[in-house]
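Going by full-length UniProt numbering, the sequence shown opens with residue 1, and the numbers climb by one from there. Comments concern the structure below.
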Amino acid sequence: MKGDLMRKRQLWPLSLTLVLPLLTAANPIVAGTDHARDVVDSQILQESRSLRIRLPQDYEGSQNRYPVLYLLDGEWSFEKFSPVVESLIQDESIPDLIIVAVENVDEHTRLRDFTPSQVEKYPGSGGAESFLLFIQKELVPYVDDAYRTKQPRLICGHSLAGLMSAYTFLNSPDLFAGSIASSPSFSWDNNLMVRSLGGFLKQGRFQDTFIYLAIGSDDFPTYLEAMERAVHIMEEEAPDTLRWEHMLYQNENHETVPDHSFPDGLKLFFNN
Numbered sequence: 001m002k003g004d005l006m007r008k009r010q011l012w013p014l015s016l017t018l019v020l021p022l023l024t025a026a027n028p029i030v031a032g033t034d035h036a037r038d039v040v041d042s043q044i045l046q047e048s049r050s051l052r053i054r055l056p057q058d059y060e061g062s063q064n065r066y067p068v069l070y071l072l073d074g075e076w077s078f079e080k081f082s083p084v085v086e087s088l089i090q091d092e093s094i095p096d097l098i099i100v101a102v103e104n105v106d107e108h109t110r111l112r113d114f115t116p117s118q119v120e121k122y123p124g125s126g127g128a129e130s131f132l133l134f135i136q137k138e139l140v141p142y143v144d145d146a147y148r149t150k151q152p153r154l155i156c157g158h159s160l161a162g163l164m165s166a167y168t169f170l171n172s173p174d175l176f177a178g179s180i181a182s183s184p185s186f187s188w189d190n191n192l193m194v195r196s197l198g199g200f201l202k203q204g205r206f207q208d209t210f211i212y213l214a215i216g217s218d219d220f221p222t223y224l225e226a227m228e229r230a231v232h233i234m235e236e237e238a239p240d241t242l243r244w245e246h247m248l249y250q251n252e253n254h255e256t257v258p259d260h261s262f263p264d265g266l267k268l269f270f271n272n
């Protein structure tokens, strides 16, 4: 059962110049298919990254351009949320769009890519800056060149990917107009992201941008505490040019929150 939506003025209690990459299309892209794939051979990450692509049903028969939804953890999020997006489009809750789901190579690279600092307990962590460069310099330029895209772009993630979604948005508000951070791992490295949040907000870089912060009442206690601190900072310091919402989903846990937060965040982003 969902909690009541809490608007941004509410608190809830607690808690280089780079050479362009070699880019290849592994399979032909067919509008509406759930299994179209591209491969980006990244010079920044020194590895190939697989993408799963969803194109609008009328893509081949029109010259229209479309917003782009970037999904992290694409190896599971694409299958899970593509049907949700299709339903929202059919209901006219959101406009038709392109989905780009970025798959992880493995759990090691997931930890590496989605964490903004090295933590000794987690060898190989701390590669978020490089992954952000990959997004900025290789991934988005490739997608914009290969497909008929337009603003806005939106990035979504859950757990560590939710942390990376927020990190990407805060560092690149000119690149992504919106972010959905579902049960984000804000407790990473003694709440590093939360401690840095005020500095991001004071930079004055947010113009007509949106972030949705969501968590379940039965999530991990450290996640709930970190989210509460983040919401407090947003209440105190978020500029008027940054539109934001947060939700505490009652009786939902870490694994179930995305079922609600992803569609809710999309509707809020596109309908306001």
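All C-beta atoms, glycine included, are put in the ideal place defined by N, C-alpha and C.
| Asked | Found |
| --- | --- |
| Whole-angstrom distance between arginine 205 and glycine 198, CA atom to CA atom | 13 Å |
| Inter-stretch contact (C-beta, 8 Å, three-pair minimum) for the region 259 to 272 and the region 217 to 236 | no |
| For glutamate 60 and methionine 234, the rounded distance between their alpha carbons | 42 Å |
| Continuous beta strand (DSSP E) assignments of at least 3 residues falling wholly in the region 191 to 219 | 209 to 216 |
| Buried or exposed by the 16-neighbour rule on C-beta atoms within 10 Å, applied to proline 83 | exposed |
| Whether tryptophan 188 touches threonine 115 by CB criterion (9 Å) | yes |
| Backbone CA spacing between lysine 202 and alanine 238 [nearest angstrom] | 8 Å |
| Assigned secondary structure, lysine 121 (DSSP; H/G/I helix, E/B strand, else coil) | coil |
| The region 242 to 260 touching the region 209 to 226, judged by at least three CB pairs closer than 8 Å | yes |
| Beta carbon of asparagine 271 nearer than 9 Å to that of isoleucine 94 | yes |
| Three-state secondary structure (DSSP) of glycine 32 | Confidence is the limiting factor: at glycine 32 the pLDDT is only 47, short of 50, which leaves the residue's position unreliable and the question unanswerable from this model. |
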